[in-house]
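A.B. asks:
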Amino acid sequence: MDLTYRPRRLRRTPALRAMVREFSLSAADFIYPLFVHEGAEVEPIGAMPGANRWSLDHLIGEVQRAWGLGIRCIVLFPKVSEGLKTEDGAECFNQHGLIPRAIARLKQELPEMTVMTDVALDPYSCDGHDGIVSSQGIVLNDETIDQLCRQAVVQARAGADLIGPSDMMDGRVGAIREALDDEGFEHVGIISYAAKYSSAYYGPFREALDSAPRAAGDKPIPTDKSTYQMDPANAREAITEAQLDEQEGADILMVKPGLAYLDIIHRLREESTMPIAAYNVSGEYSMVKAAAERGWIDERAVVLETLLSFKRAGADLILTYHACDAAEWLKQG
Ligand code: PBG
Numbered sequence: 023m024d025l026t027y028r029p030r031r032l033r034r035t036p037a038l039r040a041m042v043r044e045f046s047l048s049a050a051d052f053i054y055p056l057f058v059h060e061g062a063e064v065e066p067i068g069a070m071p072g073a074n075r076w077s078l079d080h081l082i083g084e085v086q087r088a089w090g091l092g093i094r095c096i097v098l099f100p101k102v103s104e105g106l107k108t109e110d111g112a113e114c115f116n117q118h119g120l121i122p123r124a125i126a127r128l129k130q131e132l133p134e135m136t137v138m139t140d141v142a143l144d145p146y147s148c149d150g151h152d153g154i155v156s157s158q159g160i161v162l163n164d165e166t167i168d169q170l171c172r173q174a175v176v177q178a179r180a181g182a183d184l185i186g187p188s189d190m191m192d193g194r195v196g197a198i199r200e201a202l203d204d205e206g207f208e209h210v211g212i213i214s215y216a217a218k219y220s221s222a223y224y225g226p227f228r229e230a231l232d233s234a235p236r237a238a239g240d241k242p243i244p245t246d247k248s249t250y251q252m253d254p255a256n257a258r259e260a261i262t263e264a265q266l267d268e269q270e271g272a273d274i275l276m277v278k279p280g281l282a283y284l285d286i287i288h289r290l291r292e293e294s295t296m297p298i299a300a301y302n303v304s305g306e307y308s309m310v311k312a313a314a315e316r317g318w319i320d321e322r323a324v325v326l327e328t329l330l331s332f333k334r335a336g337a338d339l340i341l342t343y344h345a346c347d348a349a350e351w352l353k354q355g
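The opening position of the sequence shown corresponds to residue 23 in the working numbering, with each subsequent residue numbered one higher.
Here it is, written out as structure tokens:
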């Protein structure tokens, strides 16, 4: 064949391929999500093989392991005892609660690790929603903000570095920014769940925290979160959401879930100059784990390819339950 262009010339050897490689992964890109509970044991999560609910003592060891692998940020989620869950989720701002204690312990043992938190009511609500649910079954926007601001301030006071408002309701970033500043936490950042979709991919996470929406008594409880999380059919709306969060003072924008929303990551990358994070959520993790357990896919290759796809789409940071495995594989080269 008489060809002028032969793209294969640059794919011929590993050295040539490395020279023209456009994107790369590093452990410093990862944010490692960890579940904590009151128990003294490490409790495996059925729907998320390889993920656990950690006791505070064991949590320290796991975070030290992550640090050793080059991971520089973790995010904490609490499995709250049923007895502490209420309609208003007031446990979320208990300064002696599970999350503030976990943050304080971590900051004492490993002060350099960046600690991110989640701000929403769902782990603390007996209704399983991110906000207070009215007697008519409406998930309330404005009435919930006071709880969230108090939750953010308690987390900042315990030592959190990055606050992650995840309820996907209106006016969160601005109100939390103001509350943090009023209390002298102007140095604490906000990583906003700017485009969070109403997704079936959160199933295993809700099992991990036992936090799925559920009926309690006579109150009509919405069975999903579609009145506050975004419609998977919408793309332009994600840009509006991101612009609002940027105007309200977000420091990092997040897209969630990640894999089915790579186009959204890409669009935000074109629209914004802010750092962008992708959340490789529980359902995405569990699907890979399930297929790997059956020997249907090569877990290492699939995970690294998937994580790289977030970088290629335009993400700077990736929240992933694969963080430690991936960091270890990257180390092995
Ligand atoms: C809740 C929250 C959810 C996740 C992170 N924060 C679940 C939800 O919105 O119902 C899901 C994360 C995952 O699936 O890995 N505020």
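Every residue gets a Cβ at the ideal spot worked out from N, C-alpha and C, and that includes glycine.
Using alpha carbons as the reference points, say which of 278, 351 and 81 lies closest to residue 125.
C.D. replies: Along the sequence shown, read from residue 1 onward, the residue named residue 125 stands at position 103. Per the Cα distances, 81.
A.B. asks: List the endpoints of the continuous alpha helix (DSSP H) containing residue 262.
C.D. replies: Here residue 262 corresponds to residue number 240 of the sequence shown, with the count starting at 1. Here the alpha helix (DSSP H) through residue 262 covers 258-270.
A.B. asks: According to DSSP, which residues form a beta bridge with residue 140?
C.D. replies: Here the question's residue 140 lines up with position 118 in the sequence shown. In the DSSP output, where bridge partners are listed per residue, residue 140 has 186.
A.B. asks: Pull up the distance between the alpha-carbon of residue 181 and that of residue 36, whole angstroms please.
C.D. replies: In the sequence shown, counting from the first residue as 1, residue 181 sits at position 159. In the sequence shown, counting from the first residue as 1, residue 36 sits at position 14. Roughly 45 Å between the two C-alpha positions.
A.B. asks: Going by C-alpha distance, which of 349, 32, 63 and 342 is nearest residue 281?
C.D. replies: The residue given as residue 281 occupies position 259 in the sequence shown. The shortest Cα separation from residue 281 among 349, 32, 63 and 342 belongs to 342.
A.B. asks: Going by DSSP, name the residue or residues bridged to residue 116.
C.D. replies: Along the sequence shown, read from residue 1 onward, the residue named residue 116 stands at position 94. Residue pairing from DSSP leaves residue 116 without any beta-bridge partner.
A.B. asks: My guess is that residue 306 and residue 314 are in contact by the Cβ rule of under 8 Å, so how many angstroms apart are they, rounded?
C.D. replies: Residue numbering aside, residue 306 sits at position 284 when the sequence shown is read from its first letter. Residue numbering aside, residue 314 sits at position 292 when the sequence shown is read from its first letter. Going by Cβ atoms, the distance from residue 306 to residue 314 rounds to 13 Å, so no, they are not a contact pair.
A.B. asks: When the Cα of residue 102 is compared with those of 131, 120, 292 and 228, which residue comes out closest?
C.D. replies: Locating residue 102 in the sequence shown gives position 80, counting from the first residue. That would be 120, whose Cα lies nearest to the Cα of residue 102.
A.B. asks: Identify the residues that DSSP records as bridge partners of residue 34: which are they?
C.D. replies: Residue numbering aside, residue 34 sits at position 12 when the sequence shown is read from its first letter. In the DSSP output, where bridge partners are listed per residue, residue 34 has none listed.
A.B. asks: Does the structure place the region 74-91 close enough to the region 234-251 that three or more beta carbon pairs sit under 8 Å?
C.D. replies: no
A.B. asks: Given a cut-off of 8 Å, decide if residue 54 and residue 111 are closer than it, judged by their beta-carbon atoms.
C.D. replies: One-based indexing of the sequence shown puts residue 111 at position 89. One-based indexing of the sequence shown puts residue 54 at position 32. Not a contact, by the Cβ cut-off of 8 Å.
A.B. asks: Contact between the region 132-141 and the region 83-100: three or more CB pairs below 8 Å?
C.D. replies: yes
A.B. asks: Using a Cβ-Cβ cut-off of 7 Å (strictly less than) and excluding sequence neighbours within five positions of residue 215, which residues of its own chain qualify?
C.D. replies: On the sequence shown, residue 215 is found 193 positions in, with the first residue counted as 1. Only 186, 187, 188, 190, 276 and 278 meet the Cβ criterion.
A.B. asks: Is it buried or exposed, residue 257, if we count other Cβ atoms within 10 angstroms and call 16 or more buried?
C.D. replies: Along the sequence shown, one-based indexing puts residue 257 at 235. Answer is exposed; the Cβ neighbour count stays below 16.
A.B. asks: Quick check: the Cα distance between residue 202 and residue 77, rounded to an integer number of angstroms?
C.D. replies: Start at 1 with the first residue of the sequence shown, and residue 202 comes out as number 180. Start at 1 with the first residue of the sequence shown, and residue 77 comes out as number 55. Distance between the alpha carbons of residue 202 and residue 77: 28 Å.
A.B. asks: Taking 7 Å as the cut-off, does the CB of residue 314 come closer than this to any heavy atom belonging to the ligand PBG?
C.D. replies: Here residue 314 is taken as the residue at index 292 of the sequence shown, counted from 1. Incorrect: residue 314 has no Cβ contact closer than 7 Å to the ligand PBG.
A.B. asks: Flag this pair as yes or no: are the beta carbons of residue 296 and residue 268 separated by less than 8 Å?
C.D. replies: For the purposes of this step, residue 296 is taken as residue 274 along the sequence shown, with counting starting at 1. For the purposes of this step, residue 268 is taken as residue 246 along the sequence shown, with counting starting at 1. Contact flag set, yes.
A.B. asks: In the DSSP assignment, the alpha helix (DSSP H) including residue 172 goes from what residue to what residue?
C.D. replies: Position 150 of the sequence shown holds residue 172. Start and end: 167-180.
A.B. asks: Between 166, 349 and 155, which lies nearest to residue 51 when the distance is taken from Cα to Cα?
C.D. replies: Indexing the sequence shown from 1 puts residue 51 at position 29. Ranking 166, 349 and 155 by Cα distance to residue 51 puts 349 first.
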